[in-house]
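With the numbering used here, letter number 38 in the sequence shown gets 43, and the count goes up by one each step, no holes. Beta carbons are placed, not taken as given, at the ideal position from N, Cα and C, and that holds for glycine. Note that the structure is a prediction, hence the values are computed from the model and not measured. Let me begin by presenting the structure, written as structure tokens, before commenting on it.
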Amino acid sequence: MGGRAALKLPPALRPGDLVAVAAPASAFDRAAFRRGAESVAARGYRVAYREDIFGRAGSFAGDDERRAAELNGWIRDPEVKAILCARGGWGCARIADRIDWRALARRPKAIAGFSDLTTLLLAVTQRAGVVAFHGPMVASAAKEPGGLCELARLLALLAGDAAPLAHRGLRALRPGRARAPLTGGNLSLLANAAGTPFALEARGRILFVEDVNEPLYRVDRAVRQLMLAGVFRGVAGVVLGRFSGMKPSDQRAVPQLFLEALGSRRVPVVAGLAAGHGTPNRPLAFGVPATLDADAGTLIFDPCVDPASRPGRKPR
Numbered sequence: 006m007g008g009r010a011a012l013k014l015p016p017a018l019r020p021g022d023l024v025a026v027a028a029p030a031s032a033f034d035r036a037a038f039r040r041g042a043e044s045v046a047a048r049g050y051r052v053a054y055r056e057d058i059f060g061r062a063g064s065f066a067g068d069d070e071r072r073a074a075e076l077n078g079w080i081r082d083p084e085v086k087a088i089l090c091a092r093g094g095w096g097c098a099r100i101a102d103r104i105d106w107r108a109l110a111r112r113p114k115a116i117a118g119f120s121d122l123t124t125l126l127l128a129v130t131q132r133a134g135v136v137a138f139h140g141p142m143v144a145s146a147a148k149e150p151g152g153l154c155e156l157a158r159l160l161a162l163l164a165g166d167a168a169p170l171a172h173r174g175l176r177a178l179r180p181g182r183a184r185a186p187l188t189g190g191n192l193s194l195l196a197n198a199a200g201t202p203f204a205l206e207a208r209g210r211i212l213f214v215e216d217v218n219e220p221l222y223r224v225d226r227a228v229r230q231l232m233l234a235g236v237f238r239g240v241a242g243v244v245l246g247r248f249s250g251m252k253p254s255d256q257r258a259v260p261q262l263f264l265e266a267l268g269s270r271r272v273p274v275v276a277g278l279a280a281g282h283g284t285p286n287r288p289l290a291f292g293v294p295a296t297l298d299a300d301a302g303t304l305i306f307d308p309c310v311d312p313a314s315r316p317g318r319k320p321r
């Protein structure tokens with residue numbers, strides 16, 4: 006469902022709605038998970054998770070069968086209105102082909118995460134045709150300074166309280182203005198998906214990328230992988246997030262890698278979006294039309310949830 010048709014908006018969260026938490030990737034800290042889940046409940050939502058979410062199989066939050074069954078269960082459950090994730094790490098690519106994307110297409114609901122969740126977010130938009138959310142995760146947010154505030158910001162977006170979603174203060178690398186849906190995520194995961202059924206489809210879209218703890222040569226390699234796969238052909242614009250965990254001189258070199266990959270394409274390119282690894286981790290909506298204005302340094306989204314389901318009052 007990676008064509009030009011508008012993606013389906015999930016319904017806005019209402020007070021008392023059931024929000025499920027899944028762990029489709031790595032195992033996580035149990036105490037941090039409980040703090041994060043309590044912060045979601047404090048916003049006025051019921052929180053559900055399976056007891057076997059705390060299981061382990063090597064570094065994973067249970068084996069592939071458990072993690073896939075968990076996510077499918079929440080997708081198919083009509084009472085669940087949104088699915089948050091515990092943490093990233095590694096594991097989503099091992100279960101992406103086991104997920105019932107048709108069920109999500111029939112009954113859209115918000116799915117949110119980042120980092121290793123990039124693989125699933127691409128599938129949500131490209132397989133199910135539903136808007137997906139790049140943003141904080143329950144256990145990892147509880148371990149980051151200010152992370153629970155960022156999680157609350159994500160929940161406000163899912164409730165329709167943060168429209169229009171706007172990011173300002175971006176740094177122009179190439180001038181211009183574009184209006185298109187946003188896609189992307191973690192650079193390493195995007196490169197790894199090339200040549201698979203879950204490969205990034207960026208034609209006619211604004212591409213967002215970020216990464217963490219990758220040396221410059223590996224960032225270069227991933228950008229070249231995407232370039233050779235044709236990802237940069239037809240992109241409407243590029244937005245760079247943080248590339249943390251690198252020495253400052255390497256961080257300053259990253260934008261040039263993307264400019265080289267774009268060649269002479271006249272599309273707006275900006276840097277400095279505070280999303281992904283590190284704090285703040287501002288939410289993004291994949292598949293929602295957005296206006297990127299490099300000269301003004303802004304990225305402004307259309308409504309990200311179904312306005313027909315907008316609650317009459319806000320969660321606490």
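Fill in: Cβ-based neighbour list, G174, same chain, cut-off 6 Å, excluding 5 preceding and 5 following
On the sequence shown, residue 174 is found 169 positions in, with the first residue counted as 1. G302, listed in sequence order.
Worksheet item: In terms of residues, what are the limits of the beta strand (DSSP E) holding C90?
Response: Here residue 90 is taken as the residue at index 85 of the sequence shown, counted from 1. It spans V85 to C90 - the beta strand (DSSP E) in which C90 sits, taken as one unbroken run.
Worksheet entry | C-alpha gap between R92 and R182, whole angstroms | Position 87 of the sequence shown, counted from the first residue, corresponds to residue 92. Position 177 of the sequence shown, counted from the first residue, corresponds to residue 182. Cα-Cα distance, rounded: 34 Å.
Discussion item. Looking at the secondary structure, which residues open and close the alpha helix (DSSP H) in which E215 lies?
Written reply: Here the question's residue 215 lines up with position 210 in the sequence shown. Premise fails: E215 lies in the beta strand (DSSP E), I211 to V217, not in any alpha helix (DSSP H).
Worksheet entry | For P4, the nearest candidate out of V224, L170, I211 and G134 (CA to CA) | Outside the displayed range of the chain (6 to 321) lies residue 4, so it cannot be described from this structure.
Fill in: From N197, V135 and E56, residue whose alpha carbon lies closest to that of W95
The sequence position of residue 95 within the sequence shown is 90, counting from 1. Answer by Cα proximity: N197.
Worksheet entry | Distance between beta carbons of F213 and L278, contact taken as under 8 Å | If you number the sequence shown from 1, residue 278 lands on position 273. If you number the sequence shown from 1, residue 213 lands on position 208. Contact between L278 and F213 holds, since their C-beta atoms are separated by about 7 Å, short of 8 Å.
Item to complete: Reducing DSSP to helix, strand and coil, say where N286 ends up.
Response: Here the question's residue 286 lines up with position 281 in the sequence shown. Here N286 sits in coil by DSSP.
Practice prompt. Could you check the C-alpha separation between R229 and A266 for me, to the nearest Å?
Written response: Walking along the sequence shown from the start, residue 229 turns up at place 224. Walking along the sequence shown from the start, residue 266 turns up at place 261. Computed Cα separation, rounded: 7 Å.
Fill in: Alpha-carbon to alpha-carbon, L163 and L12
Position 7 of the sequence shown, counted from the first residue, corresponds to residue 12. Position 158 of the sequence shown, counted from the first residue, corresponds to residue 163. Going from the Cα of L12 to the Cα of L163 covers about 16 Å.
Worksheet item: If you draw a straight line from the alpha carbon of V272 to that of A299, how long is it in whole angstroms?
Response: Position 267 of the sequence shown, counted from the first residue, corresponds to residue 272. Position 294 of the sequence shown, counted from the first residue, corresponds to residue 299. The C-alpha of V272 lies about 9 Å from the C-alpha of A299.
Worksheet item: By Cβ distance, which residues of its chain are closer than 7 Å to F203, with the 5 residues on each side in sequence left out?
Response: The residue given as residue 203 occupies position 198 in the sequence shown. Taken in chain order, the residues that qualify are A101, T124, L127 and A128.
Discussion item. Please report the straight-line C-alpha distance between A185 and L304, rounded to a whole angstrom.
Written reply: Position 180 of the sequence shown holds residue 185. Position 299 of the sequence shown holds residue 304. Going by C-alpha positions, A185 is about 11 Å away from L304.
Practice prompt. Report the option in Q261, A207, R257 and A30 whose CA atom is closest to the CA atom of G242.
Written response: Indexing the sequence shown from 1 puts residue 242 at position 237. If we check each option's Cα against that of G242, A207 comes out closest.
Discussion item. Quick check: what's the CA-CA separation for V26 versus R51?
Written reply: The residue you call residue 26 lines up with position 21 of the sequence shown. The residue you call residue 51 lines up with position 46 of the sequence shown. Approximately 11 Å, taken between the alpha carbons.
Worksheet item: By DSSP, does F306 sit in helix, in strand, or in coil?
Response: For the purposes of this step, residue 306 is taken as residue 301 along the sequence shown, with counting starting at 1. The answer is strand: DSSP assigns F306 an E or B state.
Discussion item. Suppose you measure from the CA of V136 to the CA of F263; what does that come to, to the nearest Å?
Written reply: By one-based count along the sequence shown, residue 136 stands at place 131. By one-based count along the sequence shown, residue 263 stands at place 258. The C-alpha of F263 is placed about 26 Å away from the C-alpha of V136.
Worksheet item: Relative to the C-alpha of R40, which residue among E56, G152 and R61 is closest?
Response: As a first step, residue 40 is located in the sequence shown; it is residue number 35 there, counting from the start. Closest in C-alpha terms to R40, from the list E56, G152 and R61, comes G152.
Worksheet entry | Selection from H172, T201, R210 and N218 that minimises the alpha carbon distance to N347 | Because the chain here runs from 6 to 321, residue 347 falls outside it and cannot be looked at.
Practice prompt. Assuming A280 contacts N286 (C-beta within less than 8 Å), just tell me the rounded distance between them.
Written response: In the sequence shown, residue 280 corresponds to position 275, counting from 1. In the sequence shown, residue 286 corresponds to position 281, counting from 1. With a Cβ gap of about 6 Å, A280 and N286 count as contacting.
Discussion item. Tell me which residues share the same chain as E75 and place their Cβ nearer than 6 Å to its Cβ, disregarding the 5 neighbours each side in the sequence.
Written reply: Residue mapping note: residue 75 aligns to position 70 of the sequence shown, counting from 1. Cβ neighbours of E75 within its own chain (closer than 6 Å, five residues either side excluded): A27 and R55.
Worksheet item: Which one or two residues does DSSP pair with V244 in a beta bridge?
Response: Position 239 of the sequence shown, counting from 1, holds the residue named residue 244. As a beta-bridge residue in DSSP terms, V244 pairs with F213 and V275.
Discussion item. Does L178 come out as helix, strand or coil in the three-state DSSP assignment?
Written reply: Residue mapping note: residue 178 aligns to position 173 of the sequence shown, counting from 1. Three-state DSSP puts L178 in a strand.
Worksheet item: Under three-state DSSP, which class holds T124?
Response: In the sequence shown, the residue the question calls residue 124 occupies position 119. In the structure shown, the three-state DSSP call for T124 is helix.
Practice prompt. Quick one: grab the DSSP three-state call for T296.
Written response: Along the sequence shown, read from residue 1 onward, the residue named residue 296 stands at position 291. T296 falls in the strand class under three-state DSSP.
Worksheet item: Looking only at its own chain, which residues have a Cβ that is under 6 Å from the Cβ of G60, when we skip the five neighbours before and after it?
Response: Position 55 of the sequence shown, counting from 1, holds the residue named residue 60. By the criterion of a C-beta distance shorter than 6 Å, G60 is surrounded in its chain by G67, once the five residues flanking it on both sides are discounted.
Discussion item. Quick test of your reading: R179 and V274, contact by CB under 8 Å. State the CB separation rounded to the nearest angstrom.
Written reply: Translated into positions along the sequence shown, residue 179 becomes position 174. Translated into positions along the sequence shown, residue 274 becomes position 269. Confirmed, about 4 Å.
Worksheet item: Span of the beta strand (DSSP E) holding R39?
Response: Along the sequence shown, read from residue 1 onward, the residue named residue 39 stands at position 34. In the DSSP assignment, R39 falls outside any beta strand (DSSP E) and lies within the alpha helix (DSSP H) extending over R35 to A46.
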